[in-house]
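Novice:
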Amino acid sequence: MKSELAPRLASWRQAWQQIWRLAAAAAVGLPIWLAVGVVLHRGHGTETGIWFFVADPLVALTCLTLLWWRRRFPLTVAMTVAVASTVSALATGAALLALVSLATRRRPVETGAVALAYVVASWAAPGIYDTSSSPDSWWIRLAIPALTAGIAVAAGAAIGARRVEVRSLRERALSAEREQAARAAQARATERNRIAREMHDVLAHRISLVAMQASVLDHRPDLAAEESRMLVRGVADGSHQALEELRDVLGVLRAAPDRPEAPQPSLDGIPELAADARASGLDVTLSTTVTGTPSETAGRTCYRIVQEGLTNAAKHAPGARVRVTLNGEAGRTLDVSVVNSAATAAPTRPPASGFGLLGLGERVTLAGGELTHHPTPGDGYRLAAQLPWPRDAEKRT
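In this text, residue positions in the sequence shown follow UniProt numbering: the first is 1, and each later residue adds one.
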């Protein structure tokens with residue numbers, strides 16, 4: 001309903017603006033026509049009375065009607081009205097409006113031609129009515145039309161410049177709105193990717209270990225009672241920890257801007273990560289020769305690499321031996337690798353997102369590092385990365 005009403009209102013508004021301008025043009029010409037009538041009433045040019053009272057208003061009415069199409073045929077209408085004003089004093093306002101409208105187009109040649117025609121017509125107009133004037137008043141009859149034409153052209157040029165400026169501002173506003181919408185869409189996409197990456201990094205590892213323990217319970221009916229209890233306890237603890245980690249992630253996403261964020265994982269958390277994997281049944285060996293403390297970004301990225309490597313090993317290579325190696329020092333690079341041997345049991349194929357390595361590659365790229373992953377001889381797999389560790393970045397937040 002609104003979409004149908006808006007064009008109607010716009011058309012009515014334009015029509016009323018046209019009528020208002022035509023009325024103003026008629027109002028400008030009316031005093032000139034009355035002044036000529038006063039001169040004729042005093043006894044000058046009495047034989048032209050019929051033309052004054054009948055033909056002059058008809059010509060003016062025709063000129064006002066032609067002005068309705070001045071935007072479609074600006075030059076033709078303006079020139080016609082300017083020439084017609086020669087025989088009609090009441091059409092003077094219409095000629096000035098046509099000149100103003102033409103000047104808004106900001107085309108000097110067209111505007112100059114019509115302005116000259118208007119001045120010549122105004123200079124010759126007194127000859128239509130037999131009004132006497134002194135021989136030395138010709139310059140007055142030339143100066144007044146030239147002055148009014150100059151004012152009309154200046155007003156039209158100013159209106160045209162304002163329209164161009166308003167159009168430019170409107171286009172800028174529309175462009176700014178489009179850019180803002182694009183930035184908002186990009187920000188939403190970035191935030192969705194960040195949330196997905198955080199959810200994967202935090203939960204995929206924990207749920208994979210729980211799935212591996214549950215798979216052992218399902219495929220090993222010969223387990224001793226104590227081993228079964230340990231696995232059941234591991235499933236329960238892992239599920240509880242996964243729930244806690246999910247709550248932490250949601251808490252960070254819903255936190256107020258002034259609320260401090262939860263502590264992020266770092267290089268110091270990798271031994272605990274390896275210990276949890278061992279408790280879940282993975283044969284994990286951790287070897288580290290890192291000296292010093294890298295930046296928070298490098299440490300967090302290194303933690304996520306190890307986490308992803310252990311998660312993939314638990315998913316795709318159950319029973320395999322996993323070796324985690326960390327090496328680096330300030331001024332060189334921080335190197336991390338997770339290498340697993342071939343699986344010794346059939347993988348359970350838990351649900352996978354397929355975006356783990358993709359998100360990890362984005363993390364490593366943002367940190368300025370390089371990620372590599374490929375199969376190794378013997379049906380194993382290697383996940384490794386090199387992260388920059390500038391000397392002045394040590395312990396930098």
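The C-beta atom is built at its ideal place from N, Cα and C for all residues, glycine as well.
#1: Is Ala384 near Ser337, with beta carbons less than 8 angstroms apart?
#2: Can you tell which of Val166, Leu326, Glu362 and Arg391 has the C-alpha that lies nearest to the C-alpha of Ser295?
#3: Secondary structure at residue 400, three-state DSSP: helix, strand or coil?
#4: How would you write the range of the alpha helix (DSSP H) that Arg332 sits in, first residue to last?
#5: By the 10 Å Cβ neighbour count, where 16 or more other Cβ atoms means buried, how is Ser101 classified, buried or exposed?
#6: In three-state terms, what does DSSP make of Thr291?
#7: Kindly indicate the opening and closing residues of the beta strand (DSSP E) around Pro375.
#8: Which stretch, first to last residue, makes up the alpha helix (DSSP H) that contains Pro74?
#9: Apart from the five residues just before and just after Gly319, which ones in its own chain have a Cβ nearer than 7 angstroms to its Cβ?
#10: At the level of alpha carbons, what is the spacing between Pro108 and Asn193?
#11: Note down the Cα distance separating His174 from Val164, rounded to an integer number of angstroms.
#12: By a C-beta neighbour count over all protein chains shown, 10 Å radius and 16 as the cutoff for buried, is Leu99 buried or exposed?
#13: Taking the beta carbon of Asp56 as the centre, do at least 16 other beta carbons fall within 10 Å, making it buried, or is it exposed?
#14: Would you report the Cα separation of Leu75 and Leu90, rounded to the nearest angstrom?
#15: Report the rounded CA-to-CA distance for Arg172 versus Gln264, giving the unit in angstroms.
#16: Tell me whether the beta-carbon of Val38 lies closer than 8 angstroms to the beta-carbon of Ala82.
#17: What whole-angstrom Cβ distance do Arg382 and Val339 have, given they're in contact under 8 angstroms?
#18: Please report the straight-line C-alpha distance between Gly150 and Ala78, rounded to a whole angstrom.
#19: May I ask you to verify whether the stretch 358-374 touches the stretch 304-313, counting CB pairs closer than 8 angstroms and requiring at least 3?
#20: Which of the three DSSP states is assigned to Gly29 in this structure?
Specialist: Judging by the given coordinates:
#1: By 1-based counting over the sequence shown, the position of residue 384 is 384. By 1-based counting over the sequence shown, the position of residue 337 is 337. It is a contact, given that the beta carbons lie within the stated cut-off.
#2: Counting from 1 along the sequence shown, the entry for residue 295 is found at position 295. The residue with the shortest Cα to Cα distance from Ser295 is Arg391.
#3: Nothing in the structure corresponds to residue 400, since the chain is present only between 1 and 397.
#4: The count along the sequence shown starts at 1 and reaches residue 332 at position 332. Premise fails: Arg332 is in no alpha helix (DSSP H) and is neither H nor E.
#5: The residue given as residue 101 occupies position 101 in the sequence shown. By the 10 Å Cβ count, Ser101 comes out buried.
#6: Taking the sequence shown and counting its residues from 1, one reaches residue 291 at position 291. Residue state, collapsed to three classes: strand.
#7: Counted from its first residue, the sequence shown places residue 375 at position 375. Run containing Pro375: Glu370 to Thr376, per the beta strand (DSSP E) assignment.
#8: To locate residue 74, count along the sequence shown from 1; it is residue 74. Here the alpha helix (DSSP H) through Pro74 covers Pro74 to Ala84.
#9: Locating residue 319 in the sequence shown gives position 319, counting from the first residue. Closer than 7 angstroms at Cβ, skipping near neighbours: Ala343, Thr344 and Ala345.
#10: For the purposes of this step, residue 108 is taken as the residue at position 108 of the sequence shown. For the purposes of this step, residue 193 is taken as the residue at position 193 of the sequence shown. Distance between the alpha carbons of Pro108 and Asn193: 57 angstroms.
#11: Indexing the sequence shown from 1 puts residue 174 at position 174. Indexing the sequence shown from 1 puts residue 164 at position 164. The sequence given here has Leu at residue 174, not His. Taking the straight line joining both Cα atoms gives about 15 angstroms.
#12: Walking along the sequence shown from the start, residue 99 turns up at place 99. It is buried - the Cβ of Leu99 has at least 16 other Cβ atoms within 10 Å.
#13: As a working note, residue 56 is residue 56 in the sequence shown. Buried, by the Cβ-count rule.
#14: Along the sequence shown, read from residue 1 onward, the residue named residue 75 stands at position 75. Along the sequence shown, read from residue 1 onward, the residue named residue 90 stands at position 90. Approximately 21 angstroms, taken between the alpha carbons.
#15: For the purposes of this step, residue 172 is taken as the residue at position 172 of the sequence shown. For the purposes of this step, residue 264 is taken as the residue at position 264 of the sequence shown. Straight-line Cα distance between these residues: approximately 43 angstroms.
#16: As a first step, residue 38 must be located in the sequence shown, where it is residue number 38. As a first step, residue 82 must be located in the sequence shown, where it is residue number 82. Not a contact, by the Cβ cut-off of 8 angstroms.
#17: For the purposes of this step, residue 382 is identified with residue 382 of the sequence shown, where counting begins at 1. For the purposes of this step, residue 339 is identified with residue 339 of the sequence shown, where counting begins at 1. That pair is a contact at about 5 angstroms.
#18: Here residue 150 refers to the residue found at position 150 when the sequence shown is read from its first residue. Here residue 78 refers to the residue found at position 78 when the sequence shown is read from its first residue. One C-alpha to the other measures close to 15 angstroms.
#19: yes
#20: Your numbering for residue 29 matches position 29 in the sequence shown. It is helical.
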